[in-house]
Amino acid sequence: MDAVRVDSWLWAIRVYKTRSAATTACRAGHVRVNGDKVKAAQQVRVGDELRIRIAGFDRILIVRQLLVKRVGAPVAALAYEDKTPAREPQAALGLRDRGAGRPTKRERRDIDKLRGRNHDPED
11 MDAVRVDSWL WAIRVYKTRS AATTACRAGH VRVNGDKVKA AQQVRVGDEL RIRIAGFDRI
71 LIVRQLLVKR VGAPVAALAY EDKTPAREPQ AALGLRDRGA GRPTKRERRD IDKLRGRNHD
131 PED
């Protein structure tokens, strides 16, 4: 076996919960193999680079082993090399607890200052 369908491989290594979800992602253009958008039936080989768009971020995977059947997580982790850069933590600026009510004028000014929207006529 020298090639496997891309949707089947993504399902087998547990990137997607179902094969139909992997197929849908391919149809939507969220999967690229070596820089090209692919259909679900596209063949993937050892050494290919896959870019998968999930939740607004790209995962970059290098194929190390071809799998057709879904396997356990430890075995699936050996089938690819993850080259995804670390995400920068996003600071929760100006978030308030749910149910805390409307912010006071002072709190609103502090939130605006944190977000860089200083509209104070006094400044």
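Under this note's numbering, the first residue of the sequence shown carries the number 11, and numbering increases by one thereafter. No residue lacks a Cβ here, since even glycine has one placed at the ideal position from N, Cα and C. Predicted, not measured: the structure shown is a model, and the values here were computed from it.
So what does DSSP say about Arg61, is it helix, strand or coil?
It is a strand residue.
Would the segment 48-56 count as touching the segment 12-25 if we require 3 or more Cβ pairs under 8 Å?
yes
Inspect the beta-carbon positions of Ile62 and Val81 and report whether they are closer than 8 Å.
no
Using DSSP bridges, identify the partner residues of Leu71.
Leu60, Asp92
By the three-class DSSP mapping on this structure, what secondary structure does Arg29 have?
helix
So, using beta-carbon positions, are Arg36 and Ala13 closer together than 8 Å?
The sequence given here has Cys at residue 36, not Arg. In this structure, Ala13 does not lie closer than 8 Å to Cys36 by Cβ.
Alpha carbon to alpha carbon, how far is Met11 from Lys27? Give it in angstroms, no decimals.
24 Å
With 16 as the cutoff for other CB atoms within 10 Å, does Thr33 come out buried or exposed?
buried
If Ile72 and Thr94 are in contact, beta carbons under 8 Å, what's the gap, nearest whole angstrom?
The Cβ separation is near 11 Å, so there is no contact.
Own chain, CB closer than 7 Å to Tyr90, minus 5 neighbours either side, in chain order
Result list for Tyr90: Ile23, Leu71, Ile72, Val73, Arg74, in chain order.
Look up Gln52 in the DSSP assignment and give the residues it is bridged to.
Looking at the DSSP assignment, Gln52 forms no beta bridge with any residue, so it has no partner.
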